[in-house]
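K.L.:
Position in the sequence shown counted from 1, then plus 34, gives you the numbering used here. Think of the CB as a built atom: it goes at the ideal place given N, C-alpha and C, for glycine as much as any other residue. Keep in mind that this is a model prediction, so the values were computed, not measured.
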Amino acid sequence: MFTGIVEETGEIHSIKGEEISIICNKILEDCKIGDSISVSGVCLTITKIGSNYLNFQISEETRDKTTLGSLVNNSLVNLERAATYQSRIGGHNVEGHVESTGICRSIKKIKDSTIVTFEADAIILSNIIVKGYICIDGTSLTVNEIKKNTFKISLIPHTIAETTFKNIKIGQLVNLETDVNARYIRKYVEEIMEKNLSE
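Following this line, the structure appears as structure tokens:
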């Protein structure tokens, strides 16, 4: 489990088949082989630890269903170590199980904030609410507005500086994961309604 508070951005050093090597610094502390790391919102397991890098294996399904399949050398990724019982939950509970990808449709600077609009599929949109959480590329963010097939979020300068959002571009794909608590509640309510209708 993660919190969606990015600890640092790492740089893709190499991609060889299913193995990916990421240059990093801060998250090397206290890491061991087998630990889980959120890599731009995808939960991956450490397979090798070097002096300034971590290695992971990426399955074919992960490459196909997330943005990790389009990474190239020197790409930046958001990194976060798994939360502990002593961790502060500054964001929200994030599983690292990407549901689908979204597309950046617009970027607008308004005073000190940057408003970004993403297009998403119907399942994602049905699981988010205004002022609710969504995880985008491993970053816990608040939904500001929902319209038809899009939603908007607001980025402050600190978030932009500390994450891969510094390089966000229109047309770019991002990894999306909605609030797991919202999904459980929706499933429970739907089951109750279905049961009542069948009685």
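For E129, which residues in the same chain have their Cβ closer than 6 Å to its Cβ, ignoring the five residues on either side in sequence?
P.N.:
In the sequence shown, counting from the first residue as 1, residue 129 sits at position 95. Result list for E129: V214, in chain order.
K.L.:
Would you grab the beta carbon distance between N89 and T81 for me? Rounded to a whole angstrom, and I think it's under 8 Å.
P.N.:
Stepping through the sequence shown from its first residue, residue 89 is reached at position 55. Stepping through the sequence shown from its first residue, residue 81 is reached at position 47. About 5 Å; that satisfies the 8 Å criterion.
K.L.:
By Cβ distance, which residues of its chain are closer than 8 Å to E41, with the 5 residues on each side in sequence left out?
P.N.:
Within the sequence shown, residue 41 is the residue found at index 7, counting from 1. Here the set comprises K60, I61, L113, E114, R115.
K.L.:
Would you check if the distance between the CB atom of V111 and the CB atom of T193 is smaller than 8 Å?
P.N.:
Numbered from its first residue, the sequence shown carries residue 111 at position 77. Numbered from its first residue, the sequence shown carries residue 193 at position 159. It is not a contact, given that the beta carbons lie outside the stated cut-off.
K.L.:
With three or more beta-carbon pairs closer than 8 Å as the criterion, would you say the segment 199 to 213 touches the segment 118 to 138?
P.N.:
Yes: the two stretches touch, three or more of their Cβ pairs being nearer than 8 Å.
K.L.:
At which residues does the alpha helix (DSSP H) containing K99 begin and terminate?
P.N.:
Taking the sequence shown and counting its residues from 1, the one referred to as residue 99 is at position 65. Note, K99: alpha helix (DSSP H), 94 to 99.
K.L.:
Buried or exposed: which applies to L133, given that a residue is buried once 16 or more other Cβ atoms fall within 10 Å of its Cβ?
P.N.:
Numbered from 1 along the sequence shown, position 99 holds the residue referred to as residue 133. A quick correction: the sequence has Glu, not Leu, at residue 133. E133 comes out buried.
K.L.:
Can you grab the Cα-Cα spacing for the pair Y119 / C169, in whole Å?
P.N.:
Taking the first residue of the sequence shown as 1, we reach residue 119 at position 85. Taking the first residue of the sequence shown as 1, we reach residue 169 at position 135. If you take the alpha carbons of Y119 and C169, they lie about 21 Å apart.
K.L.:
So N108 packs on I46, CB below 8 Å; how close in whole Å?
P.N.:
Walking along the sequence shown from the start, residue 108 turns up at place 74. Walking along the sequence shown from the start, residue 46 turns up at place 12. Sure, about 6 Å apart at Cβ, within 8 Å.
K.L.:
DSSP on G103, reduced to helix/strand/coil?
P.N.:
Working through the sequence shown from its first residue, we reach residue 103 at position 69. Looking at G103 - three-state DSSP - the assignment turns out to be helix.
K.L.:
When you compare only the Cα positions, how much space is there between V177 and I83?
P.N.:
The residue you call residue 177 lines up with position 143 of the sequence shown. The residue you call residue 83 lines up with position 49 of the sequence shown. For V177 and I83, the distance between alpha carbons rounds to 36 Å.
K.L.:
Starting from the N-terminal side, write out each stretch of the alpha helix (DSSP H) that is 4 residues or longer and does not extend beyond the segment 141 to 190.
P.N.:
Whole alpha helix (DSSP H) segments, 4+ residues: 156 to 160.
K.L.:
Which residue wins for smallest C-alpha separation from V164, given the options D171, K181, T148, T173?
P.N.:
Residue 164 sits at position 130 when you count from the first residue of the sequence shown. When only C-alpha atoms are compared, the closest one is K181.
K.L.:
What does the alpha-carbon distance come out to for the pair E225 and E179?
P.N.:
To locate residue 225, count along the sequence shown from 1; it is residue 191. To locate residue 179, count along the sequence shown from 1; it is residue 145. Each residue's Cα considered, the two are about 28 Å apart.
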